[in-house]
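Asker:
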Amino acid sequence: MDEELSLDEIISYAREFQNFEKVFSAVYLHPNWLTTIPPTRRWAILHHIVLSGNTVHFDQILPSQKSNAQFRLLTKTADQETILDIAKSHVYLSDMLKRIERLIKLDELLNYAKEGKWDQCIEIVKQNPSYGNEKPPYRRFYLIHHLAYSNAVEAFKEFLKIENFQFSLLLRVDGKKVNDIAREAKCEAFANFIEKDYAAFFDDDDDDDVLYEPSAAQFRLDQHDANIIIVPHAICHEPKSSCEPEKKLMNRAEVNKLVPRKSKPINISNIPTRYSSKTILNLLTCSLTRATVTDPVVAADGFTYERTAIENWLKANDCSPMTNEKLAHKDLTSNVLVKRLLDAITQ
Numbered sequence: 001m002d003e004e005l006s007l008d009e010i011i012s013y014a015r016e017f018q019n020f021e022k023v024f025s026a027v028y029l030h031p032n033w034l035t036t037i038p039p040t041r042r043w044a045i046l047h048h049i050v051l052s053g054n055t056v057h058f059d060q061i062l063p064s065q066k067s068n069a070q071f072r073l074l075t076k077t078a079d080q081e082t083i084l085d086i087a088k089s090h091v092y093l094s095d096m097l098k099r100i101e102r103l104i105k106l107d108e109l110l111n112y113a114k115e116g117k118w119d120q121c122i123e124i125v126k127q128n129p130s131y132g133n134e135k136p137p138y139r140r141f142y143l144i145h146h147l148a149y150s151n152a153v154e155a156f157k158e159f160l161k162i163e164n165f166q167f168s169l170l171l172r173v174d175g176k177k178v179n180d181i182a183r184e185a186k187c188e189a190f191a192n193f194i195e196k197d198y199a200a201f202f203d204d205d206d207d208d209d210v211l212y213e214p215s216a217a218q219f220r221l222d223q224h225d226a227n228i229i230i231v232p233h234a235i236c237h238e239p240k241s242s243c244e245p246e247k248k249l250m251n252r253a254e255v256n257k258l259v260p261r262k263s264k265p266i267n268i269s270n271i272p273t274r275y276s277s278k279t280i281l282n283l284l285t286c287s288l289t290r291a292t293v294t295d296p297v298v299a300a301d302g303f304t305y306e307r308t309a310i311e312n313w314l315k316a317n318d319c320s321p322m323t324n325e326k327l328a329h330k331d332l333t334s335n336v337l338v339k340r341l342l343d344a345i346t347q
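Residues in the sequence shown are numbered from 1 upward in steps of one, following UniProt numbering.
1. Under a three-way DSSP split, which group does THR35 fall into?
2. Go ahead and label ARG140 buried or exposed: buried means 16 or more other beta carbons lie within 10 angstroms of its beta carbon, across all protein chains shown.
3. Pair every Cβ in the segment 23-35 with every Cβ in the segment 52-64, then say whether three or more of these pairs are closer than 8 Å.
4. Quick one, which of LEU341, VAL336, LEU327, ASN335 has its alpha-carbon nearest THR55's?
5. With DSSP collapsed to three states, give me the class of PRO63.
6. For the beta strand (DSSP E) that VAL297 lies in, which residues bound it at each end?
7. Which residues share a DSSP beta bridge with GLU306?
8. From ILE345 to VAL338, what distance separates their C-alpha atoms?
9. The alpha helix (DSSP H) that contains THR82, what's its start and end?
10. Can you grab the Cα-Cα spacing for the pair LEU341 / VAL298, in whole Å?
11. Terminal residues of the continuous alpha helix (DSSP H) containing GLN127?
12. Using CA atoms only, rank isn't needed, just tell me which of GLY302, ASP295, ARG42 is closest to ALA78.
13. Should GLY132 and LEU143 be called a contact, given that it needs their Cβ atoms to be closer than 8 Å?
14. Let me check understanding here. Comparing Cα to Cα, which of THR289, ASN324, THR333, SER334 lies closest to ASN312?
15. Taking SER168 as the reference, give the member of CYS319, HIS329, GLU16 with the closest Cα.
16. Can you round the beta-carbon distance between MET322 and ASP295 to whole angstroms, since I take them to be within the 8 Å contact cut?
17. DSSP on THR285, reduced to helix/strand/coil?
18. Would you mind reading off the limits of the alpha helix (DSSP H) that contains LYS196?
19. Please list the terminal residues of the continuous alpha helix (DSSP H) segment that includes VAL20.
20. Alpha carbon to alpha carbon, how far is ARG15 from ILE45?
21. So, at 7 Å on beta carbons, what are the nonlocal neighbours of TYR92 in its own chain, with the 5 sequence-adjacent residues on each side left out?
22. Which two residues bound the contiguous alpha helix (DSSP H) that contains residue 358?
23. Considering only residues of the same chain and omitting the five flanking positions on each side of ALA87, which have a CB-CB separation below 7 Å?
24. Go ahead and label LEU7 buried or exposed: buried means 16 or more other beta carbons lie within 10 angstroms of its beta carbon, across all protein chains shown.
25. PHE165 and VAL125 look like a contact to me (Cβ under 8 Å); what is the Cβ gap, rounded to whole Å?
26. Mind checking which residues open and close the alpha helix (DSSP H) that includes LYS326?
27. Over what stretch of residues does the alpha helix (DSSP H) that includes residue 348 continue unbroken?
28. Taking buried to mean at least 16 other C-beta atoms within 10 Å of its own C-beta, is VAL293 buried or exposed?
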């Protein structure tokens with residue numbers, strides 16, 4: 001791994017709108033840095049990115065917060081300004097302002113959903129039906145998953161009365177369908193309802209399932225003796241009838257016997273301890289298949305994917321598999337940070 005820059009140095013780069021690759025890498029390794037304001041600074045990295053007006057950089061940095069429960073989009077500067085205030089203060093930030101306002105509205109919708117305030121949710125979806133099937137990149141659940149998790153069958157039916165709106169039942173969370181989310185929360189009424197009334201979406205032989213399956217080149221993570229061992233997906237057995245993967249721990253000899261010679265076990269002991277193992281594992285995981293990446297790329301939505309997985313997705317879709325928002329483009333960029341991590345753990 002390269003020598004790490006300090007938070008103050010990264011903020012300087014963001015302030016000067018320079019070296020976004022270094023800013024990107026630092027924030028993904030330290031998610032809390034995005035909104036942290038040191039005593040000697042007035043703004044955090046996020047505020048400077050907004051001021052730059054670069055919506056591409058803005059979209060690419062936000063997925064870094066998907067595992068940061070403390071992240072708040074409207075974190076204030078030392079002068080008590082939010083990114084909304086900054087965007088409103090400059091005419092050239094009109095595109096950024098629209099992006100921020102949309103995220104704020106989606107946050108409002110999903111906060112209401114989390115609290116079970118369905119009437120307020122319905123009013124927001126009436127204003128813009130597309131909100132009902134989208135989410136910010138730092139959120140886990142879409143609206144429909146909150147309904148499933150709350151066993152809210154009657155509320156679901158009320159949403160169906162909204163003009164020009166229908167739920168996208170193919171939206172997933174960590175690869176799980178909405179019926180799986182309901183059963184995971186022991187919300188059997190919702191699971192039974194959705195499976196009965198929309199049976200075609202939940203067939204065992206759903207063609208859409210293949211988009212979420214790891215390729216032969218990808219690996220799943222397993223853990224043994226506090227070391228992270230990466231083993232082929234095929235030997236991490238998961239019962240199809242359960243939402244929770246079965247834990248299968250193997251000693252190193254068993255792993256060496258099962259892993260093909262060209263893909264020997266690797267661990268993260270070569271990664272500096274200043275990085276949390278959770279952060280590293282998130283970085284090494286394909287957002288689509290939940291398997292370890294071997295050829296990591298970043299899409300327009302800012303998420304990292306296995307190249308073949310996202311390429312297959314893009315053949316039939318023009319939206320992000322993580323937010324369901326339309327992608328600005330279908331270009332893919334190699335994730336240099338994750339490639340360096342992969343190089344480090346295979347040394």
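Even for Gly, the Cβ is constructed at its ideal location relative to N, Cα and C.
Answerer: A quick look at the data gives this:
1. As a working mapping, residue 35 is identified with position 35 in the sequence shown. It is helical.
2. Numbered from its first residue, the sequence shown carries residue 140 at position 140. ARG140 comes out exposed.
3. yes
4. The count along the sequence shown starts at 1 and reaches residue 55 at position 55. Measuring from the Cα of THR55, the nearest candidate turns out to be LEU327.
5. Here residue 63 is taken as the residue at index 63 of the sequence shown, counted from 1. Three-state DSSP puts PRO63 in a helix.
6. On the sequence shown, residue 297 is found 297 positions in, with the first residue counted as 1. Run containing VAL297: 296-298, per the beta strand (DSSP E) assignment.
7. The residue given as residue 306 occupies position 306 in the sequence shown. Its beta-bridge partners are PRO296.
8. In the sequence shown, residue 345 corresponds to position 345, counting from 1. In the sequence shown, residue 338 corresponds to position 338, counting from 1. So the alpha carbons of these two residues sit roughly 11 Å apart.
9. By 1-based counting over the sequence shown, the position of residue 82 is 82. Where THR82 is concerned, there is no enclosing alpha helix (DSSP H), given that its DSSP letter is neither H nor E.
10. As a working mapping, residue 341 is identified with position 341 in the sequence shown. As a working mapping, residue 298 is identified with position 298 in the sequence shown. About 15 Å.
11. Locating residue 127 in the sequence shown gives position 127, counting from the first residue. That run of the alpha helix (DSSP H) goes 118-127.
12. Against the sequence shown, residue 78 aligns to sequence position 78. For the residues GLY302, ASP295, ARG42, the minimum Cα distance to ALA78 belongs to ARG42.
13. Here residue 132 corresponds to residue number 132 of the sequence shown, with the count starting at 1. Here residue 143 corresponds to residue number 143 of the sequence shown, with the count starting at 1. A contact, by the Cβ cut-off of 8 Å.
14. Looking up residue 312 in the sequence shown gives position 312. Comparing Cα-Cα distances from ASN312 to each of THR289, ASN324, THR333, SER334, the minimum goes to THR289.
15. On the sequence shown, residue 168 is found 168 positions in, with the first residue counted as 1. Nearest C-alpha to SER168 among CYS319, HIS329, GLU16: CYS319.
16. For the purposes of this step, residue 322 is taken as residue 322 along the sequence shown, with counting starting at 1. For the purposes of this step, residue 295 is taken as residue 295 along the sequence shown, with counting starting at 1. In fact, because the Cβ distance is near 18 Å, the residues do not count as touching under 8 Å.
17. Against the sequence shown, residue 285 aligns to sequence position 285. THR285 falls in the strand class under three-state DSSP.
18. Along the sequence shown, read from residue 1 onward, the residue named residue 196 stands at position 196. Run containing LYS196: 188-197, per the alpha helix (DSSP H) assignment.
19. By one-based count along the sequence shown, residue 20 stands at place 20. Strictly speaking, residue 20 in this sequence is Phe, with Val absent from that position. First-last of the alpha helix (DSSP H) with PHE20: 20-29.
20. Mapped onto the sequence shown, residue 15 falls at position 15. Mapped onto the sequence shown, residue 45 falls at position 45. Going by the C-alpha atoms only, they are around 8 Å apart.
21. For this step, residue 92 is matched to residue 92 along the sequence shown. These residues qualify, in order along the chain: GLY53.
22. The shown model of the chain, from 1 to 347, leaves out residue 358, and the question about it has no answer.
23. Translated into positions along the sequence shown, residue 87 becomes position 87. Correct list, in chain order: VAL50, LEU93, MET96, LEU97, ILE100.
24. Start at 1 with the first residue of the sequence shown, and residue 7 comes out as number 7. Within 10 angstroms of the beta-carbon of LEU7 lie 16 or more other beta-carbons, which makes it buried.
25. By one-based count along the sequence shown, residue 165 stands at place 165. By one-based count along the sequence shown, residue 125 stands at place 125. About 6 Å; that satisfies the 8 Å criterion.
26. For the purposes of this step, residue 326 is taken as the residue at position 326 of the sequence shown. No alpha helix (DSSP H) contains LYS326, which DSSP labels as neither H nor E.
27. Given that the chain is displayed from residue 1 to residue 347, the structure contains no residue 348 and the question cannot be resolved.
28. As a first step, residue 293 is located in the sequence shown; it is residue number 293 there, counting from the start. VAL293 is buried by the Cβ-count criterion.
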